[in-house]
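Residues in the sequence shown are numbered from -17 upward in steps of one, following our numbering.
The beta carbon of each residue, even a glycine, is placed where N, CA and C say it ideally should be.
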Amino acid sequence: MFKRLYDVDDSLQKDLFLVKELVTFERFCRDQSLWTEMKKCFHPESTVCISWYKGSGQGFIEASEKMKSFAPHKINHMVVRCNGDRAVAECITSIQMRQKLQGQWYDLTSYARLHYRLVRERDCWLILSLTGIYEKDTVEPAYCIGTPQPLDFDPEGYRPSYAALCYFFEKSGMAFYDDLPGIDRPEMVNALYESSGKWLSEA
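Below is the structure:
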């Protein structure tokens, strides 16, 4: 699926651009609370599977709108592969959260990859699925004031690919899913890639 492109004609170049633009814009809408525009990015039958949510794309937008915490995404490199009216895209991202724990503010950075399947209907690309692939995360005091107290956080009690993220969710009373693809479970990542590659080839 993810192989080097050697020959890109104008039509493919346009599709690659439009898919990348859609993924980037969807994340922008999520971070800027542009819910009406975000809805336009998802297919009616879309699904989302990430650390804190599993369900429909529409449900994901509604749940995001209700969230009280701010968790912006920083998107880096993105790879897109198109075949007819189907596309697969994956971007490297970091997710940032700030939370008060034990009387002090802490910053969390979660490093992940976002894996998208997209379809084109009536000349419009739409997100069909979004799946998180988790790598690692870090927690540090937000301000260097005084001596921070050790957190009641035992990483051994969580998946190493997103231990601190789940800890933050737990402390804020949010549900989370610890059965997602991650670098600590490469067989799940490989299965996702194999499934997406097969889906893409069947366009």
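- Query: Among the residues of its own chain, which have a CB less than 7 Å from the CB of I45, if the five just before and after it don't count?
  - Reply: Here residue 45 refers to the residue found at position 63 of the sequence shown. The sequence shown places Ala at residue 45, not Ile. Taken in chain order, the residues that qualify are Y35.
What's the call for F52, buried or exposed, on a 16-neighbour Cβ count within 10 Å? Here residue 52 corresponds to residue number 70 of the sequence shown, with the count starting at 1. F52 comes out exposed.
Quick check on Y149: buried or exposed, where buried means 16 or more other Cβ atoms within 10 Å of its Cβ? The residue you call residue 149 lines up with position 167 of the sequence shown. Buried: at least 16 other Cβ atoms inside 10 Å.
Counting Cβ pairs closer than 8 Å, one from the segment 126 to 135 and one from the segment 69 to 87, do we hit at least three?
yes
Task: Cβ-Cβ distance between M60 and E47 below 8 Å - done: Along the sequence shown, read from residue 1 onward, the residue named residue 60 stands at position 78. Along the sequence shown, read from residue 1 onward, the residue named residue 47 stands at position 65. The answer is no: Cβ separation not under 8 Å.
Problem - Identified DSSP bridge partners for W107 - result: Locating residue 107 in the sequence shown gives position 125, counting from the first residue. The partner list for W107 (beta bridge, DSSP) reads R102.
**Residue closest to K56, alpha-carbon to alpha-carbon, out of R(-14), A173, V5 and T129** = On the sequence shown, position 74 is the one that residue 56 refers to. Nearest C-alpha to K56: V5.
Item to check | Secondary structure of Q14, DSSP reduced to three states | outcome: Counted from its first residue, the sequence shown places residue 14 at position 32. Three-state result, Q14: helix.
Review point. Which residue comes first and which comes last in the alpha helix (DSSP H) that contains L83?
Key: Walking along the sequence shown from the start, residue 83 turns up at place 101. That residue, L83, is in no alpha helix (DSSP H); its beta strand (DSSP E) goes R68 to L83.
query = Grouping DSSP H, G and I as helix and E and B as strand, with all else coil, what is C64?
reply = Taking the first residue of the sequence shown as position 1, residue 64 is located at position 82. Strand.
Exercise for the section: Compute the distance between the beta-carbons of T113 and L174, then report whether it is under 8 Å. Expected result: Here residue 113 is taken as the residue at index 131 of the sequence shown, counted from 1. Here residue 174 is taken as the residue at index 192 of the sequence shown, counted from 1. In this structure, L174 lies closer than 8 Å to T113 by Cβ.
Cβ-Cβ distance between L162 and S33 below 8 Å: For the purposes of this step, residue 162 is taken as residue 180 along the sequence shown, with counting starting at 1. For the purposes of this step, residue 33 is taken as residue 51 along the sequence shown, with counting starting at 1. Against a cut-off of 8 Å, the Cβ pair of S33 and L162 comes out as a contact.
Legend entry - Integer-rounded CB distance, given that L110 should sit under 8 Å from R99: Looking up residue 99 in the sequence shown gives position 117. Looking up residue 110 in the sequence shown gives position 128. With a Cβ gap of about 5 Å, R99 and L110 count as contacting.
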